[in-house]
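Residue numbers (numbering that gives the first Met the number 0): 0 to 171.
Data block below; observations after.
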Amino acid sequence: MKANQSQLFLLIMVFLLMVGEITISLGNDIGDRADAATRRENQYPLTRSLGEERVDSNVLAAGIIAHEFGHVEDASNRPGLWQTYQDYIDLREKRTSELGLQKGLMDPSVTQKLQSVLNGFGAKDIDAVSLDTDPRAERIAIPVIEQSFANNRKKVPERVQKAINKLLGKQK
Ligand SMILES: [Zn+2]
0 MKANQSQLFL LIMVFLLMVG EITISLGNDI GDRADAATRR ENQYPLTRSL GEERVDSNVL
60 AAGIIAHEFG HVEDASNRPG LWQTYQDYID LREKRTSELG LQKGLMDPSV TQKLQSVLNG
120 FGAKDIDAVS LDTDPRAERI AIPVIEQSFA NNRKKVPERV QKAINKLLGK QK
């Protein structure tokens with residue numbers, strides 16, 4: 000699976016070059032199940048269930064990459080919104096490096112940009128933005144997870160299925 004993973008990585012890099020504006024961050028060990036199991040339930044229900052279930056690390060890695068692609072797809076569905084968000088991240092980075100963390104975060108240009116991000120997402124704070132975007136990315140990752148289990152000739156574990164149903168809004 001190692002070769003497949005690096006191929007996927009390459010694919011992501013090419014995709015990012017095409018998309019241009021979005022930053023994807025992946026840790027060094029994307030197949031780390033113990034780490035996945037500690038993710039916040041309301042933000043990463045699917046990733047967390049994969050970690051808790053201690054699924055094959057290649058299934059987990061595929062899920063995490065699919066989650067990141069989910070953000071890319073979400074961004075292409077809502078381009079203006081994500082551009083504002085990326086502009087905010089860039090501006091915050093610039094101002095905090097110029098003024099220091101505290102002053103940079105309080106800089107009026109930064110707080111104004113933040114406010115337009117929050118208005119766009121309909122969120123009350125930046126944490127609420129993550130709570131909006133991560134479950135969307137998880138939902139987009141569902142078919143990849145299902146396919147990964149099928150490729151490994153495994154049934155989707157009950158806990159994972161529950162997370163999927165919840166993301167799809169089915170009560171079960
Ligand atoms: Zn995410």
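By construction, the Cβ of each residue, glycine as well, lies at the ideal position given by its N, Cα and C atoms.
Nothing here was measured: the structure is a model prediction, and the numbers come from that model.
Can you give me the C-alpha to C-alpha distance between residue i and residue j, rounded to a whole angstrom?
{"i": "Leu90", "j": "Val109", "result": "6 angstroms"}
{"i": "Asp131", "j": "Lys153", "result": "31 angstroms"}
{"i": "Arg158", "j": "Pro44", "result": "10 angstroms"}
{"i": "Glu186", "j": "Gln85", "result": "Look at the range of the chain in this structure, 0 to 171, and you will see that residue 186 is not part of it."}
{"i": "Gly119", "j": "Gln101", "result": "25 angstroms"}
{"i": "Ser96", "j": "Trp81", "result": "23 angstroms"}
{"i": "Gly103", "j": "Arg94", "result": "5 angstroms"}
{"i": "Arg38", "j": "Arg135", "result": "15 angstroms"}
{"i": "His66", "j": "Asp133", "result": "8 angstroms"}
{"i": "Asp126", "j": "Val155", "result": "30 angstroms"}
From the options, pick the residue whose C-alpha is nearest to that of residue i; which is it?
{"i": "Asn151", "options": "Pro78, Ser56, Ser48, Leu98", "result": "Ser56"}
{"i": "Ile63", "options": "Ser48, Ser75, Arg77", "result": "Ser48"}
{"i": "Glu92", "options": "Lys112, Ala74, Ser75", "result": "Lys112"}
{"i": "Phe148", "options": "Thr37, Ile29, Glu52, Asp28", "result": "Glu52"}
{"i": "Thr83", "options": "Pro107, Val54, Leu117", "result": "Leu117"}
{"i": "Glu145", "options": "Asp28, Ala61, Val128", "result": "Ala61"}
{"i": "Phe68", "options": "Glu137, Leu59, Gly121", "result": "Glu137"}
With distances taken between CB atoms, is the gap from residue i to residue j smaller than 8 angstroms?
{"i": "Ile183", "j": "Ile163", "result": "Outside the displayed range of the chain (0 to 171) lies residue 183, so it cannot be described from this structure."}
{"i": "Thr46", "j": "Ala35", "result": "yes"}
{"i": "Leu59", "j": "Gly30", "result": "yes"}
Query raised in the report: Which parts of the segment 52-120 are runs of the alpha helix (DSSP H), unbroken and 4 residues or longer, counting only runs that do not cross its ends?
Result: 56-76, 78-98, 100-105, 107-120
Query - Any residue whose CB is nearer than 5 angstroms to a heavy atom belonging to ligand 1, listed in chain order - result: Asp133, Ala136
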